[in-house]
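Residues 0 to 326, numbered by this note's numbering, are exactly what the sequence shown covers, in order. Down below is the structure, laid out as structure tokens.
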Amino acid sequence: MIIKSLKGFHPTNLILTVFIAIAFWMKFFTGANPGIIAEQGSMPFYNAITNFFLNIDSPFTAKLVSFLLILLQAFLIVTINNHFKLLGYRSYLPALIFIIITVNFTQHQQLQAIHFANIFFLIAWIRLNQAYGKQKALSYYFDASFLIGVASLFYFNMIFLTIILLIHLLLTRSINIKEFTVSFFGLAVVWYLFLAFYYIFYDETYDILAVFSFEPGFIDFMSLSISTKITSGVLLFITIMAIMASLKYYSSFNIYIRSNLKMFFYMFVVGFLLILLTNSSNELIYFIAIPASLFISLFFIKLKSKLHGNILVIILFIATIANLFFS
0 MIIKSLKGFH PTNLILTVFI AIAFWMKFFT GANPGIIAEQ GSMPFYNAIT NFFLNIDSPF
60 TAKLVSFLLI LLQAFLIVTI NNHFKLLGYR SYLPALIFII ITVNFTQHQQ LQAIHFANIF
120 FLIAWIRLNQ AYGKQKALSY YFDASFLIGV ASLFYFNMIF LTIILLIHLL LTRSINIKEF
180 TVSFFGLAVV WYLFLAFYYI FYDETYDILA VFSFEPGFID FMSLSISTKI TSGVLLFITI
240 MAIMASLKYY SSFNIYIRSN LKMFFYMFVV GFLLILLTNS SNELIYFIAI PASLFISLFF
300 IKLKSKLHGN ILVIILFIAT IANLFFS
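In structure tokens form, the structure reads like this:
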């Protein structure tokens, strides 16, 4: 009954998703935190945004913008799923799952660089999906590469998501040197323009090597509260269960959905590798939550035992509410 109520694509599902999001964010809105994460050494585009919000000195405005960006990411995922039929089912459930996953990392419930970077990546993903089945796809891969380049000017580690472009090429296209080259060219154009304008305006070169760091970021996980660690374990368990379950249904899907399931999996793996191998912190959960929300949504939609599905949803909600209360 619970899953049936949540997985639909009706105005009531949209209203319910927004209502749940507001309820989960209420503690954040009423809290005393500044509403924005401003760190020394932030990427230029995000640094300009932090300077703006610090100058207007309005924590509520920063919190509101952060919340709206979360909703935008959630509904971009829904739009991508519905338009390209990634799950074979139109549903607002991926948005709800995305919100539930990200809200559990309460220390990152603030305006931060990855919100903007994620949006550009999702738009890049739209361009990648539009390339499917096209004989000439150079413009799609250039646009996706360009958008990932822009995303990296907000959150540098997004630059490594060019790996996703290459994986997409290998999964959906025959080997084409031009498409392979273009997958890097868009990124190169963004950074060339940025470095050129930076030199013109500041009369010095931007130290790009200073932003490269391969210090493991998973250590930040140890600083999480006990309740967040427990809820993270629950989320990881359900996600792994969902990934394993997708193998069961894999042969019943068409080729397009199969290739997208592979992409979800590689995105999930790349996200974890970025946490393990770079200076990324737990904020990368916002990226990992994209494939995780789609896998979990597919799992709940396809699950034959509605009782088991409803129990898992209840556990997920209880764990999230408890985490928000105790963290």
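Even for Gly, the Cβ is constructed at its ideal location relative to N, Cα and C.
Straight-line spacing of the CA atoms in Ile147 and Leu160 works out to 7 Å. Shortest Cα-Cα distance from Phe179 to any of Val64, Glu203 and Ala143 involves Ala143. The C-alpha of Phe200 is placed about 32 Å away from the C-alpha of Trp124. Apart from the 5 residues on each side of it in sequence, Ser326 sits with its Cβ closer than 7 Å to the Cβ of Thr105, Ser224, Ser226 and Thr227 in its chain, given in chain order. The C-beta distance from Ile2 to Lys305 rounds to 6 Å, short enough to meet the 8 Å contact threshold. Setting aside the 5 residues that flank it on each side, Phe119 is surrounded in the same chain by Leu146, Val149 and Ala150, each with a C-beta closer than 6 Å to its C-beta; the list follows chain order.
In its own chain, leaving out the 5 sequence neighbours on each side, no residue places its CB closer than 7 Å to the CB of Asn50. Within the same chain, and ignoring the five residues on either side of Leu170 in sequence, the residues whose Cβ sits closer than 8 Å to its Cβ are Ser258, Lys261 and Met262.
Taking a contact to require three or more Cβ pairs closer than 8 Å, the stretch 295 to 313 and the stretch 82 to 101 qualify as touching.
Pro93 sits buried, since 16 or more C-beta atoms from the chains shown fall within 10 Å of its C-beta. Between the alpha carbons of Ile289 and Phe97 lies a distance of about 7 Å.
Taking the CA atoms as reference points, Asn12 sits about 32 Å from Phe153.
Nearest to Trp24 by C-alpha distance, out of Phe66, Gly34, Leu15 and Phe286, is Phe66. Between the alpha carbons of Asn32 and His114 lies a gap of roughly 18 Å.
Rounded to whole angstroms, the separation of the alpha carbons of Ser280 and Leu235 is 17 Å.
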